[in-house]
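Everything on this sheet refers to the single structure shown next.
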Amino acid sequence: MKHTPRVAPPRGDYSTLLSFQKAEVVYDLTFRFAKKYLQPGDRTIDQMIQAARSGKKNLLEGSKFGTTSKKLELNLTNVARGSLEELLDDYRYYLRVRDHDIWTKDSKQALYVRKLGRQPGLSYATHLKPFFETRPPETIANIAICLTHQTKTI
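If you read the sequence shown in the working numbering, its first letter stands for residue 5, the second for the next number, and so on.
See the structure below:
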């Protein structure tokens, strides 16, 4: 009998889900961004970190519940997408009120980040830390927007 490789990981194994892996990168980037570039006491810090965390955690929980309930898995995945949408709005707000450009989806920079985001094993430490340490906050916010879009559409 011929063995056919699995297209999707077994249910419950959230760590192998591309959406979870990207959500973890988005969380790591957002945590550092909010702590470094927002003023202490700004409620947006907690809101952004919580939205990124909720996106990641709801993908995890949805994957775990997917072993017993497809409906619950879909509901939690939709909650994750909603949280990531809130995070996108916060990054856009950050850029807008500071009169910074928001990259168009077909800009040279966005295309580069989308390509970066497709790399296997994407992690903050390996792939994004050098950008975080050398680029201005408006570039980091735009990178986060691109990666968050990728995360919520997987």
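Note that beta-carbon positions come from the ideal geometry of N, C-alpha and C, so glycine has one too. Nothing here was measured: the structure is a model prediction, and the numbers come from that model.
Status (buried if at least 16 other CB within 10 Å, exposed otherwise) for residue i
i: D94; result: buried
i: T72; result: exposed
i: G80; result: Per the sequence presented here, residue 80 reads as Leu, with Gly not at that position. Result: buried.
i: V11; result: Its pLDDT being 40, under 50, V11 is placed unreliably in this model, and the value from its coordinates should be taken loosely. Result: exposed.
i: K61; result: buried
i: K156; result: buried
i: V117; result: buried
i: K26; result: buried
i: S23; result: buried
i: Q123; result: exposed
Whole-Å CB distance - residue i paired with residue j, under 8 Å assumed
i: G59; j: V30; result: 7 Å
i: R96; j: I144; result: Not really, about 14 Å apart at Cβ, beyond 8 Å.
Proximity of residue i and residue j at Cβ, strictly below 8 Å
i: L151; j: G121; result: yes
i: L132; j: L33; result: yes
i: A84; j: L63; result: yes
i: N146; j: Q113; result: yes
i: G56; j: I49; result: According to the sequence as given, residue 56 is Ala; it is not Gly. Their beta carbons are not under 8 Å apart, which means A56 does not touch I49 by this criterion.
i: L88; j: M52; result: no
i: E77; j: G86; result: no
i: Y41; j: P141; result: yes
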